[in-house]
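Chains as they are written, first to last, in this note's numbering: chain A, 206 to 846; chain B, 898 to 1375.
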Amino acid sequence: MDKYILIPLLPLTAFIINILFGKSVTKDKAHWVAILAVLGSFVLALHTFTEVLGGKTVNQDVYTWFVSGSFRVSMGFLIDQLTAIMLIVVTSISLLVHIYSVGYMHGDGGYYRFFSYLSLFTFSMLMLVMGNNLLQLYFGWEAVGLCSYFLIGFWYEKKSAADAGKKAFIVNRFGDFGFGLGVIMIFLTLGSVYYADIFSKIGTLQGQTINLLGYDVNLITLIALLLFCGAVGKSAQIPLHVWLPDAMEGPTPVSALIHAATMVTAGVFMVARFNPVFSLSEVAMNVVAVTGAVTSLFAATIALVQNDIKRIIAYSTVSQLGYMFLACGVGAYGAGVFHLYTHAYFKALLFLGAGSVMHAMSGELDIQKMGGLKKYMPVTYWTFLIASLSIAGIPGLAGFFSKDEILWLAYNGGPVGKVVWAIGTLVAALTAFYSFRIIFLAFHGKFRGTREQEHHLHESPKSMTIPLIILAVGAIAAGWVGIPSVVGGSNAIARFFQPVLGHPHVHAGHDEEWIVMGISVAVAMGGIFVSWVFYSLKPGIPRSLAANFKGIYTTLWNKYYIDELYDFIIIRPVKWTAVNVLMAVTDGAIIEGIVNGIPKAIANLSARLRKLQTGYVQHYAMSMAIGLFVIITLFLIAASK
Amino acid sequence: MGADDLLALLPLLVIAAASVVVMLAVAFYRKHMLTVQLTLGGLAIAFISLFAVASVVPRKVTPLIIMDSYALFYMGLIFAASFVVTILSYGYIEGREGRQDEYYILLLLATLGSAVLVSSNHFASFFLGLQILSISLYVLIAYFRVSELGNEAGIKYLILAASSASFLLFGMALVYAQLGTMEFSLIAQRSTAADMRSALLLAGLILITVGAGFKLAVAPFHMWTPDVYEGAPAPVSAFIATVSKGAMLALLLRYFTLVDIRTFGPLFPVFTAIAIASMFTGNLLALFQDNIKRILAYSSIAHLGYMLVAFLASGALAVAAVSYYLIAYFVAILGAFGVITLMSGKVKDADTLDEFRGLAGRRPWLSGIFTAMLLSLAGIPLTAGFIGKFYIVTAGVGSALWLLVLVLAVNSAISLVYYLRIVAALYARSLAEEAVAAPHLSLAGGIVMAVLTLLLVWLGVYPSPFIRMLQTTVARLI
């Protein structure tokens, strides 16, 4: 058991050391503490993984915070197949990002602060995935959100960064509110917050309804949808996706770790963890599938026209997360988590590659101002290319196997499945297109930046390129554990996940599987080809397309005006109400009576009471005498009854 | 009285002996350090002797004293707190004008009085213990005769404590007149059977309530608290806020587990009223205070009100809840007064808000500790205070004391304002550079503060061992 405790505890220790002594002792050596801690966690995670591979699963309470009747707040670990894979993903990516940050954050004023936040985040994320109860999940959930807030706003002197941090935090409030209600509903209906109890008892709720505003709502559906609210916020799905692209204001290693590989996948993890609940509600499943599919299409279309390299990748993340939900929604939880796992590697690689590019370009983000970087930074180029091939779904690479698994299982999933399969296939084409748009614009062709920038171009230091190379290996090979049987593999990962995530029934035959696979490969190739034509062969086409389809182009360029929409329907009304109603009424002294009145009344009372505290001992004695008198009166009243 | 009886009294004997030893030592060598070492040694031996005594309890030694695990637990708490106060006092007193050593004799005697209180089973030992405690405190409060505030506080405390003691004594006499016994267990038996409308018994109980209420500093018998806390030397204030109050509360708790307060005539509404009045008075008066010692005084009034909530809930859980809360309260109050002690110069205590403004810049560790103590007093999660408050609320809810629980919740919200006000001041920018450079911190003082802080966090993060310990010692009283 000690081993499991150490996994989250090591990063926590590193956090405590760096936050307390970072300023005075560890300073620019802060990374050593953090890296050693996460390395330790990684090794332990590997060991845990091999144990789980051998069939050992653990569900045990480690320590009880406090108990009150049937309500118990404790910390415990559930180590099963799902947790094991998450442990590998979190610790390995975190380790690489830590190493990368040594080079990337070198010389930053908040160096030790950065590493202490990274450690705190790693701790929180590990608590989230390892917990055996909902409260611990909720704790981790909020804690990673808090770390994300700190890290997005890491350069808080920059207004856009501080604003983005706030936006992420506030938007997540919406989702977390639903999530919190879901947790409460579960405790109220099942009397427990422990996974094991919940999953064994959830069946008893089947068919029960609850009356909400006059409608009878299926209880399980309600619980599942409330939980899903949290996932929508955390994993940036429509309509709460708006915070993720803005979150790119944070340092790039943070984008790779938190906003690509780990934290944003917490929603997918949660839905997969609660598959016994979701699977009992068809409505909830369909909502998950459709939300995922629509989000993935929506985000992919926006990514087509953006020029900010990090935002393109951010929209690509939103889109891929949609893919994972799409998988969960058709019951293919295993495939969803498989994609989560492969995606972590190639997406982290894309972000770190983008960071490397920014490093060379003195912070430039606009891919229109890049070009020809291939010859200046070969390691970055080749690794970035591998990641792009992987996300595009080129056979043999990690992304191909997980994406193919999702599409194939969606295809098998009834009418809703067929629809989301079609959307997923379309998204695959778009993904290939925008991913290679970056490759062609940034790395090929002629350099379009300033003289000064060109002069400055260089490959990044070793501490940054080595993580890139390791991640590239992951982006190639991570998927080999899931080679489908139709091409001669054994799909080991599906069997690995089977005990905890199940596996949907497949009724279609091998030839159909070949066709589905063929289509997805073909659209991926097509996407890359079109991208090549547009941005390498005939660079005039995009511009003329943009001119001819101006409406579509500007809509996409402005991200469907969602931010403007929210500004219009939420932010402005709230501000308007604040200014014109609340403040006006305050003048009318109504609100003052309620909001300020209470503190004022308290202040008044306090001032009066203070007058009694005169400092004269005779007054004090008087007070005692009066107290005696009042008590006698009370006694007499009570006794006479 | 056999050998086991004597053994059972060992902790009390050790403390008494320690005070004599210190007195003799002082007669020959006036060395501050030596006196402190002897005092600490005495307290430490007394603490260790508790474990030796644990094998012979529970045992009634004469009708006056009962030694049981409950008494041992509270003695342990009292000795530990006195130990901390002694260490803090050393740094505080060292270098001051005037005689230093008698202070420790008085401190030991006050400790002895408190220890007698928690093991008392009889009006006689109750009164004796109380007087040993009080008389030592009169002198301790006004110990530094150059301090005007200290003298004023000493006189005030003397007048009011003496009058409250006379209430108490008269009440005891009346109860004895009615029931013919002064032993708690017999009183409990006979009073449940007696007619609650008997005027003598009623008057007696009321007067005893007043006497106890004074010591606990609950409203409306609280008025002396801020003046005395402000005037007394900071370590003495810490002693009054913790040991003196804790001993009295332990005694009340012992008595009211013998009789269920809820069925015990009109005492229940009276204590309810006192609890509510204390919570509101304490918190409201603390709101606009600028003197930190006074804020802590008011805060301690409110905390006693909180503890009364669990006290009124009664039952095994309530005893454990009050005891847990008391530990948490001891740690936080000792810590808070400890910071004030460490910050104080040789002439005047550092107790105004302005003196603490911007402390985080000058002394980040000390202000971190102070923050932790204040957050615990406010009941923020991950501190001891949160768990304590949680158990009190649980006890209250378990006994359906909705009004009290509601008042407690409202008051917790009010109290946040003034705790956070201090915290905000700590982390604000200094008003001016003129702020006196904080005195040099003694190593012992620093270690004590670090231990208190660790304890505070440990109690807040991993309370289960303490809860289990309480269940095996204190709750066995039931």
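All C-beta atoms in this analysis are idealised placements derived from N, C-alpha and C, irrespective of residue type, glycine included.
Contact annotation: Ala914/B and Val953/B have beta-carbon atoms that are not nearer than 8 Å. Residue environment analysis places Gly598/A among the buried positions, since at least 16 neighbouring C-beta atoms fall within 10 angstroms of its C-beta. Buried is the label assigned to Pro1360/B, since at least 16 other Cβ atoms lie within 10 Å of its Cβ. Shown in chain order are the members of the region 1111-1126 of chain B whose Cβ falls below 9 Å from a Cβ of chain A: Phe1111, Ala1116, Pro1117, Phe1118, His1119, Met1120, Trp1121, Pro1123, Asp1124.
Listed in chain order, the positions of the region 1037-1070 of chain B with a beta carbon within less than 8 Å of a beta carbon of chain A are Ile1052, Lys1053, Ile1056, Leu1057, Ser1060, Ser1061, Phe1064. Contact of Leu1181/B with chain A is assigned, a C-beta pair being separated by under 8 Å.
The DSSP assignment places complete alpha helix (DSSP H) segments of no fewer than 4 residues inside the region 1264-1312 of chain B at 1281-1295, in order along the chain.
In this structure Gly358/A touches Ala366/A by the C-beta definition: roughly 5 Å separates them, less than 8 Å. When Cβ pairs closer than 8 Å are counted between the two stretches, the region 420-437 of chain A is seen not to touch the region 283-296 of chain A, the count staying below three.
Its Cα nearest to that of Phe254/A, the residue Met291/A stands out among Met291/A, Gly245/A, Ile298/A. Rounded to the nearest angstrom, the Cβ distance from Gly539/A to His708/A is 6 Å, consistent with a contact under 8 Å. Judged by DSSP secondary structure, Gly1242/B falls outside any alpha helix (DSSP H); it is assigned neither H nor E.
For Phe739/A, there is no enclosing alpha helix (DSSP H), since its DSSP letter is neither H nor E. Segment contact: the region 637-647 of chain A against the region 750-769 of chain A, fewer than three CB-CB distances shorter than 8 Å; contact not assigned. Rounded to whole angstroms, Phe1064/B and Ile1189/B show a C-alpha spacing of 32 Å. In the DSSP assignment, Lys957/B is bridged to Ile963/B. Straight-line spacing of the CA atoms in Lys957/B and Phe226/A works out to 54 Å.
Residues of chain A with a Cβ closer than 7 Å to the Cβ of Tyr1035/B do not exist, since the nearest Cβ in that chain sits about 14 Å away. Nearest in C-alpha terms to Asp402/A, of all of Phe605/A, Tyr361/A, Leu339/A, Ala250/A, is Leu339/A. Residue burial is scored here from C-beta neighbours: Gln1075/B has at least 16 other C-beta atoms within 10 angstroms and is therefore classed as buried. Excluding residues up to 5 positions away in sequence, Val953 lie with their Cβ nearer than 6 Å to the Cβ of Asp901/B in the same chain.
With respect to the 8 Å criterion, Gly472/A and Ser440/A are classified as neighbours on the basis of their beta carbons.
With contacts defined by Cβ atoms closer than 8 Å, Leu545/A and Ala592/A do not form a contacting pair.
Annotated three-state conformation of Ile391/A is helix, per DSSP.
For secondary structure counted as the alpha helix (DSSP H) over 4 or more consecutive residues, the region 1196-1222 of chain B holds no complete run. Under the DSSP assignment, Asn416/A falls in the beta strand (DSSP E) whose first and last residues are 414-417. Contact between the region 519-534 of chain A and the region 484-501 of chain A is established, with three or more Cβ pairs separated by less than 8 Å. Contact annotation: Ser521/A and Ala508/A have beta-carbon atoms nearer than 8 Å.
Put simply, the CB of Phe641/A is far from chain B, with every gap to its CB atoms at 8 Å or more. Residue burial annotation: Ala683/A is buried, with at least 16 other C-beta atoms found within 10 angstroms of its C-beta. In the DSSP annotation of this structure, the continuous segment of the alpha helix (DSSP H) that includes Asn1048/B starts and ends at 1045-1076.
If you look at Asp421/A, you'll find it in the beta strand (DSSP E) that goes 420-423. Within the same chain, Cβ atoms closer than 6 Å to the Cβ of Ser986/B are found at Pro1132, the five residues on either side in sequence being excluded.
Ser1309/B is outside the set of residues whose beta carbon lies under 8 Å from a beta carbon in chain A. At a cut-off of 8 Å, the C-beta of Leu833/A has a neighbouring C-beta in chain B. Shown here for Pro600/A: same chain residues with a beta carbon closer than 7 Å to its own, the five before and five after excluded, namely Val726 in chain order.
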